[in-house]
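Sequence positions in the sequence shown follow our numbering and run 1406 to 1592.
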Amino acid sequence: PAADAQARCGPLLQHLATSRVHVVLADTTPPPDFSHRVHVHPLGETTLDFYGTRELTRRYRKGFPASLSEAPLVLPSSGSGLRRDLDRWLASKQLRTNVVCEVNDASLMRSLGVKGYGLFPVRTVLGQEVEEIGEVFAVGRIEGVLERYYAISTERRVRHPLVAAVIQNARDRALRAPAPGNPRSSA
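Encoded structure:
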């Protein structure tokens, strides 16, 4: 896990440590062995939902999450923190997985999902946007899996006005997912 965070954020954190950037926005905290003093400012969190095409939604929504056993899934790469959380969730539901594709990029994951390659996770706060982009629908909430976001800076109390504004704006928007409700039912 620390190696993943270092690989993904390492170059940006090095730029932060040398004052080349004022803040790093990330979905992970710096690894514990990071050699420079930085401060982590939590911005928010969101739940996730599985989405799929009309056909896949009709097939897997009923009986969710048990219905996901052997369902085709497009997931983040196995080294990512989100993938580890999803794997733990799937295992806790005792589901046999059928991962048809692993990707490092959320946009590519969405594109593959929209084309019908498999069900794919979407941040709940982006659900409406994803539904508008492609003919995809929420299959079900991935209860207990959260994606968190952080601003990482060298200052405990951020003084740079633009960085402070970014942090405050993110907190004001509260990056929190809406309460679970009925998924879009037009699938």
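Beta carbons: idealized from backbone N, C-alpha and C, even for Gly. Predicted model, so just to flag it, every value in this text is computed and none were measured.
Q) Along the chain, where does the alpha helix (DSSP H) that runs through Leu-1517 open and close? A) 1511 to 1519
**Q.** Same chain only: Cβ atoms within 6 Å of Asn-1509, ignoring 5 sequence neighbours per side
**A.** Counting only residues of its own chain and dropping the five nearest sequence neighbours on each side, Asn-1509 has a CB closer than 6 Å to the CB of Ser-1482.
Q) Is Gly-1523 helix, strand or coil when you go by DSSP? A) coil
Q. How would you label Pro-1477, buried or exposed, when you count the other beta carbons within 10 angstroms and need 16 or more for buried?
A. buried
(Q) I need the boundaries of the beta strand (DSSP E) containing Ala-1556, first residue and last residue. (A) 1541 to 1558
Q) Residues bridged to Cys-1414 by DSSP? A) Cys-1414 is not bridged to any residue.
Q: Take Thr-1423 as the anchor and find which of Gly-1468, Pro-1436, His-1441 and Val-1527 has the nearest alpha-carbon.
A: Looking at the Cα atoms, His-1441 is the closest of the given residues.
Q: Look up Ala-1569 in the DSSP assignment and say whether it is helix, strand or coil.
A: helix
Q.
Using 8 Å as the threshold, is the C-beta distance between Gly-1457 and Gly-1518 below it?
A. yes
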